[in-house]
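A quick write-up on the structure given underneath.
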Amino acid sequence: MATIKTLAEFIAERQHEFTYATGELSQLLTSFRLAGKMVNREVNKAGLAEDIIGAAGQENVQGEQQQKLDVYANDLFIRLLRSQGMVCAVASEENDDIVHFDNGGKYVVTMDPLDGSSNIDVNVSIGTIFSIYRRVSTGDKATMEDFMQPGTAQVAAGYIIYGSSTMLVYTTGHGVNGFTLDPSIGTFCLSHPNMTTPADGKIYSVNEGNYYDFSEGVRSYIDDCKKQKMSARYIGSLVADFHRNLMKGGIYM
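Counting with the working numbering, you get residues 2 to 254 for the letters of the sequence shown.
What follows is the structure, encoded as structure tokens:
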């Protein structure tokens, strides 16, 4: 019988790979692990509970209609990250401005708490996207400098996909690993170790409704994909499209 390794056990084993090996990464990811399970619970009953489905009546910074689950997920992640005490500020798609915490936290988090939420009512997979950076600015509050760091400066990054099963996929720069939520024990378990995307992927994902708004170079690339008889797969939920292409091989545009 295969040994089951939980997310908590995996993080503990890999702690030495974390530049600041003081247990901080484990605590930070605990917020996403816990919030992911709570959001999963609400997503699973979205078709039954009227109070968590539908528009919230306001727009986010992208000009998109916020859904009630957007607001729920955003408030939940912010509350849990604040309680950990290691994050000093959060930049969320659901907030117009940086959310500052009154603490001496060493990290900042960027996130989309519920990407693809417009698909909730048609039962399409949605997800959470997050990135963690170490604060580099000085002063009382975090600044845009902390959030606008290059990807190579990330402490960790990942996503949670709420689909036929719920998975948390993350990296700290030492490989990508996926953990599937086992509802029978309420724990994320390692299911996809050392994930890599196939080099010969034959999928391209793009909203071709915007074809004539793209640059000539992008249009030419899309035309070439068609000539090569690549498969067009576009769900309209970034996490779902990206996850499929990571697993099957392909490109998201």
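Glycine included, each C-beta is placed from N, C-alpha and C at the ideal position.
Using beta-carbon positions only, say whether HIS101 and LYS142 come within less than 9 Å of one another.
yes
To the nearest whole angstrom, what separates the beta carbons of LEU70 and GLU43, a pair I think is in contact under 8 Å?
6 Å
Do LEU81 and ALA36 count as a contact pair if the criterion is CB distance below 9 Å?
yes
Which residue from ILE204, SER185 and CYS226 puts its Cα closest to that of PHE243?
ILE204
With 16 as the cutoff for other CB atoms within 10 Å, does MET168 come out buried or exposed?
buried
Per-residue burial, THR172 [other beta carbons within 10 Å of its own, 16 or more giving buried]:
exposed
For the 8 Å Cβ check, are there 3 or more pairs between the stretch 179-194 and the stretch 211-225?
no
Extent of the continuous beta strand (DSSP E) run through HIS193:
188-193
For THR188 versus ALA9, is the C-beta spacing smaller than 9 Å?
yes
Taking the continuous alpha helix (DSSP H) assigned at VAL219, which residues delimit it?
217-228
For the alpha helix (DSSP H) that contains ILE79, what are its first and last residues?
69-85
beta-carbon GLU14 near the ligand SAH non-hydrogen atom, thresh 8 Å
For the structure depicted, the ligand SAH is absent and the ligand set is empty, with no information on it obtainable.
Integer Cβ distance of TYR73 from VAL109, believed to fall under 8 Å
The pair is not a contact, with the Cβ atoms about 23 Å apart (cut-off 8 Å).
Let me check understanding here. Comparing Cα to Cα, which of ALA90, LYS46 and MET196 lies closest to GLY140?
ALA90
What does a CB cutoff of less than 6 Å around PRO199 pick up in its chain, not counting 5 residues either side in sequence?
GLY250
Would you tell me roughly how many angstroms separate the C-alpha atoms of LYS227 and SER119, rounded to the nearest one?
28 Å
Determine the closest residue to PRO255 out of SER206, ASN208 and VAL177, with distance taken between C-alpha atoms.
Past the edges of the chain, shown from 2 to 254, lies residue 255, and the structure says nothing about it.
Can you list, in chain order, the residues of its chain whose CB lies under 6 Å from that of ASN75, leaving out five sequence neighbours each side?
SER93, GLU95 and PRO114
For PHE11 and GLN67, I'd like the C-alpha separation in whole angstroms.
35 Å
With a Cβ-Cβ cutoff of 9 Å, do VAL170 and LEU77 count as a contact?
no
As assigned by DSSP and simplified to three states, the class of GLN150
coil
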